[in-house]
Amino acid sequence: MNKESKMYSILKEKCPVCHKGNAFISTKKYDLKTFHKMPIRCEHCNHKFEIEGGFWQGAMYVSYGLTVAFSIATFVITYLIYPETDAWYYIIIISLVSLFLAPVNYRFSRMIWMNIFSSYNPEKAK
Ligand SMILES: [Zn+2]
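Numbering (my numbering), first residue to last: -5 to 120.
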């Protein structure tokens, strides 16, 4: 994967400016005590992750879009496996999948949101 691409930063959870510093303190997505913790600044280039107060509220819109996409995918997969399933099963399965993917969704949405407003800077990557 191209280390200068935004996709690298998003998928590897690296700083959007230098692509070297970690954006989250823990690499374990399902450690419920630490999965959401982020350093204030990048350990490599000193980029401030929360650009302004309330910055992360925008990530909620990304999170909403991801949840809708995951829910549609879950619905389609469930429909292909069990086409005669009752509507309540769809609701239960989609809810469980959304709950299970919540930590991944949280981190992924913040990474996408950060990468919208910050770009890779080769000078800061040195
Ligand atoms: Zn950085």
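Just so you know, even glycine gets a beta-carbon here, dropped at the ideal spot from N, CA and C.
Among residues of its own chain, excluding the 5 on either side of residue i, which ones have a beta-carbon nearer than 8 Å to its beta-carbon?
{"i": "Ile4", "result": "Phe102, Met105, Ile106 and Asn109"}
Check this for me: beta carbons of residue i and residue j, under 7 Å apart or not?
{"i": "Phe43", "j": "Met32", "result": "yes"}
{"i": "Val11", "j": "Ser89", "result": "no"}
{"i": "His30", "j": "Gly15", "result": "no"}
{"i": "Val98", "j": "Lys8", "result": "no"}
{"i": "Lys(-3)", "j": "His13", "result": "yes"}
{"i": "Tyr84", "j": "Phe69", "result": "yes"}
{"i": "Thr72", "j": "Ile86", "result": "no"}
Quick one: what's residue i bridged to in DSSP?
{"i": "Arg35", "result": "Lys42"}
{"i": "Asn16", "result": "Lys8"}
Which whole-angstrom value is the C-beta distance of residue i and residue j, which I expect to be below 8 Å?
{"i": "Ser57", "j": "Ser92", "result": "No, Ser57 and Ser92 are not in contact; Cβ-Cβ is about 11 Å, not under 8 Å."}
Spatial neighbours of residue i within its chain, please: C-beta separation below 7 Å, excluding the five flanking residues on both sides.
{"i": "Ala53", "result": "Ser103, Arg104 and Trp107"}
{"i": "Leu60", "result": "Asn99, Phe102 and Ser103"}
Leaving aside the five residues before and after residue i along the sequence, list all residues of the same chain whose C-beta is less than 6 Å from its C-beta, in chain order.
{"i": "Met(-5)", "result": "Tyr2"}
Item to complete: Write down every uninterrupted run of the beta strand (DSSP E) in the region 49 to 78 whose length is 3 residues or greater and which is fully enclosed by it, in chain order.
Response: Runs found: none.
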